[in-house]
Structures are given as structure tokens and as C-alpha cells.
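Below: one structure, written as C-alpha cells.
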Amino acid sequence: MHELARVPLFERLSAVELAKLESLTRRQRFRADTAVFFQDDPSDSLYVVLSGSAKVFRTSEDGRDRILTTLRTGDSFGELAMIEGRPRSATVQTLEDTELLCLFRRDFQRFAGEHPDVLYKLLQSMCERVRRIDEDILDLSFKDVPYRLLRLLSQLLSRHGESGPDGWRLAMPLSLRDLASMVGANEETVGRLLDRYEREGLVRRQGESWVIPDQGALLRALEQASAQP
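Following the numbering used here, the numbering of the sequence shown begins with 338 at its first residue and continues without gaps.
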């Protein structure tokens, strides 16, 4: 399977097109806690995570960080910035030793010039992505912190969960501060909720990671929270 086939932006490309595009890529390795790029840096490439993990966060004018998402093997980032050429809208920092596949903007532009029909396929994929983002924003705009936290845990479980004897482990180090940042709440509120969910058996701390003992119980709790006015 072509690594670029994992990039949603390229999901409509043929195997031949993917192979030609992938021949233009290169691999890069980053140590843990290393910035791949910073917010407001010039943008000239997209990346696919081959191994490891990273977090994407934005820093406000008062210096506070807000984690937007986490990245694991198979995830991609930087697609839109690569196409439009604007400065990076967020910082990407590795959580552990990470290997990335990199496609530079100049190489993509040359490829697109030789395969103009590819641009229409990319436009279709971008429209679908914008529609999904709009739906997510609408879903969260009327929800409180318990729902947002349970939804986040469910999303992390589906994207990064690893099955084990004690349940499902979130295979990346995430602190209380990280989780609070991702749901847009303060650490005290999220900490109290996690303590409650731990007493209820929905989640369990394991070092710097988290374990979900019962996926079904988490989903039922999420459904109940979603039904709250």
C-alpha cells in the first residue's frame, strides 16, 4: 500500500498517480519532544506519520497552548498549508521518536502541472473534509465539558487504542493538561471529571497514558451525556 494513500486529500488518486507522487517524497526522523515546525513558520510541505506520535497545538497571544489534535501512524498533516503556501496555523511537536514521510510543495506543484486532472480530485476531497469539520463544530458548539471529554476519549480510543489484557490503552503520552487543552476546559474541571470516570470504571491512569477498561461502557456514557440538555 502506498503511504500517501492514507492522506485524505489524495484518497481519490489512482494507484499509478500515488506511485508517481510518492516517488517525490523523502523520510525524516525526529526525536521525542521535537517541533516539526512552529506556528507561523513558512509552509512548504505535508507529512505522513510512518511511526511514533505527535500533537498539534496553537498558541494564543497570551502564551497559552490549545491542543487541536493528536497524530499517530498513518495520520497526515500540513496538506492545506502546502497547497496554499500560507504560514503554518499551528505547531506540531513529537510525543515520542517519530518518522515522517515528507512531500515538498515544489515537487507537488511540478506533479500537479504534469497531471492537471489530479487537482479536480483534490478539490472533491477538500470539500468533503470541510463538510466533516463543519459537522464536528456544530456538534460541539452546544455541548458541555463532560460530553466533550467523553467524546475526546472515544475518538482517541478509536484512533490510537491498543488492545490489552486490561482493556484498551491510548498509545501515546497525554497529560491532564493535554486533555484539558484538547476539550477547551481548565485542568481542575477535567481532573475532577477524570477522577469521577475513574471511580465509575470508565478510565484508568497508567503512567502518562490512559486505559479504557470497557469500550462499551464508555460509549454508553457518551450517549447519555449527548442526551443531556
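Glycine residues also receive a C-beta, built at the ideal position from the N, C-alpha and C atoms.
Predicted, not measured: the structure shown is a model, and the values here were computed from it.
DSSP three-state label for S495, please. Three-state result, S495: helix.
In the structure shown, what three-state DSSP assignment does F501 receive? Here residue 501 turns out to be Gly, not Phe, going by the sequence shown. In this structure, G501 counts as strand in the three-state DSSP scheme.
Cβ-Cβ separation, V344 to S413 (assumed contact under 8 Å), whole Å: Confirmed, Cβ separation roughly 4 Å.
With DSSP collapsed to three states, give me the class of R447. Under the three-state reduction of DSSP, R447 is assigned to helix.
Out of curiosity, what's the CA-to-CA distance linking Y534 and R363? Rounded to the nearest whole angstrom, the CA to CA distance from Y534 to R363 is 43 Å.
Three or more C-beta pairs below 8 Å linking the region 486–506 and the region 550–559: The answer is yes - the region 550–559 touches the region 486–506, with three or more Cβ pairs under 8 Å.
Only counting the same chain, and skipping five residues up and downstream in sequence, which positions put a Cβ closer than 7 Å to that of S382? Result list for S382: G415, M419, C439, L440, F441, R442, in chain order.
Alpha-carbon to alpha-carbon, L387 and E354: E354 and L387 have their C-alpha atoms roughly 20 Å apart.
Identify every run of the alpha helix (DSSP H) within the region 366–429, keeping only runs that are complete inside it and at least 4 residues long; order them along the chain. Entirely contained in the region 366–429, the alpha helix (DSSP H) runs reaching 4 residues are, in chain order, 416–421.
Can you tell me the Cα-Cα spacing of F445 and H339, whole angstroms? CA-to-CA, the gap between F445 and H339 works out to about 16 Å.
Neighbourhood of L489 by C-beta, 8 Å cutoff - its chain only, sequence neighbours within 5 removed: Only residues of its own chain outside the window of five on either side were considered, and among them L516, M519, V520 have a CB closer than 8 Å to the CB of L489, listed in chain order.
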